[in-house]
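Protein chains in written order, with the numbering used here: chain A, 1 to 120; chain B, 1 to 120. Glycine residues also receive a C-beta, built at the ideal position from the N, C-alpha and C atoms.
Number of protein chains: 2
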Amino acid sequence: MAPRGGGRAGGDVTAPANLLRDLPDARAGEVGETILARPGLRIVRTVSLGQASPPGFWYDQQEAEWVLLLVGGARLRFADEAVERVLNPGDSVDIAAHRRHRVEWTDPATPTVWLAVFHD
Amino acid sequence: MAPRGGGRAGGDVTAPANLLRDLPDARAGEVGETILARPGLRIVRTVSLGQASPPGFWYDQQEAEWVLLLVGGARLRFADEAVERVLNPGDSVDIAAHRRHRVEWTDPATPTVWLAVFHD
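Structure, rendered in structure tokens:
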């Protein structure tokens, strides 16, 4: 889920007042906003609306990423796991650096809000 | 909000499967659980139920703490601010190290779930 952290189209904006209100329109693409950035640490909120990773694409990130699904729904796949993980609100997963993964699905009917903590 | 991070009674347990389900019983005291610990980084989920800081007590923490209220409600006070901050779900605040603060109130009627990211 690197695009959430790395300067993606949709851009990085500073800390929204509330992470769950006044969500950006993600119909044209995921929107990532950096909430906090320190050396070795980046907290990013991303809003998805039906996006998934392109067929055959795998994220291979330099940083580890702890991600928490705040609202909505998603399915995440790891290259080293046979089955997808279904993520519901409150579900979290720590993704080690360079552990290949992809987003198979996000709910097209309602925004999915992710909180990602990128760390060393 | 140091007790959430520093070995408080209630203890540190490893990552619950879902941060919003099967909440621990916080009637007798806040319950903090470490979700992730790395050098310079600690992610802690804390459940409160009506607790507040003791009268006259101020947290004065070595680490900075970024905190997000996931569910419930709370009021937070900083020694350098005249008025309390009301925190609703989705509200976050980054508390600098040694910035004195206290929890004035948490909702006694329903659990309040905090996500805290302690960082350097």
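In the DSSP annotation of this structure, the continuous segment of the beta strand (DSSP E) that includes A/LEU68 starts and ends at 64 to 71.
Across the structure, A/ASP80 and B/PRO55 are spaced so that their CA atoms are roughly 52 Å apart.
The stretch 99 to 108 of chain B makes contact with the stretch 38 to 52 of chain B; the number of CB pairs closer than 8 Å reaches 3 or more. With the criterion set as a beta carbon lying under 8 Å from some beta carbon of chain A, the members of the stretch 66 to 92 of chain B are TRP66, LEU68, LEU70, ASN88, PRO89, GLY90, ASP91 and SER92, in sequence order. The DSSP assignment places complete beta strand (DSSP E) segments of no fewer than 3 residues inside the stretch 26 to 94 of chain A at 31 to 38, 41 to 48, 64 to 71, 74 to 78 and 85 to 87, in order along the chain. At a C-beta separation below 9 Å, B/ILE95 has no neighbours in chain A, since its nearest C-beta there lies roughly 11 Å away. Look at A/VAL31: its C-beta is not under 8 Å from any C-beta on chain B.
Annotation: the continuous beta strand (DSSP E) that includes B/THR106 extends over 101 to 106. With a beta-carbon spacing of about 12 Å, A/ALA37 and A/HIS119 fall beyond the 8 Å limit used to define contacts.
Of the other Cβ atoms in all chains shown, fewer than 16 fall within 10 Å of the Cβ of B/TRP58; this residue is therefore exposed. Taking all protein chains in view, the Cβ of A/ASP22 is surrounded by fewer than 16 other Cβ atoms within 10 Å, so the residue is classified as exposed.
Counting along the chain, the unbroken beta strand (DSSP E) around B/LEU115 starts and ends at 112 to 119. Contact with chain A is absent for B/LEU49, since none of that chain's Cβ atoms lies less than 8 Å from the residue's Cβ. Interface criterion not met: the Cβ of B/HIS98 is under 8 Å from no Cβ in chain A.
Between B/THR112 and B/VAL83 the beta-carbon gap is near 20 Å, outside 8 Å, which marks them as no contact. Contact between A/LEU19 and B/GLY73 does not hold, since the beta-carbon distance rounds to 15 Å and is not under 8 Å.
With a threshold of 16 other beta carbon atoms within 10 Å, A/ALA96 falls short and is exposed. A/ARG21 has a beta carbon lying within less than 8 Å of a beta carbon in chain B.
If you compare the alpha carbons of B/ASP94, B/ARG75 and B/LEU115 with that of B/ARG102, the shortest gap goes to B/ARG75.
Residue A/TRP66 holds the alpha-carbon nearest to the alpha-carbon of A/GLY40 among A/ALA26, A/GLY32 and A/TRP66. It is roughly 20 Å from the alpha-carbon of B/GLU33 to the alpha-carbon of B/VAL93.
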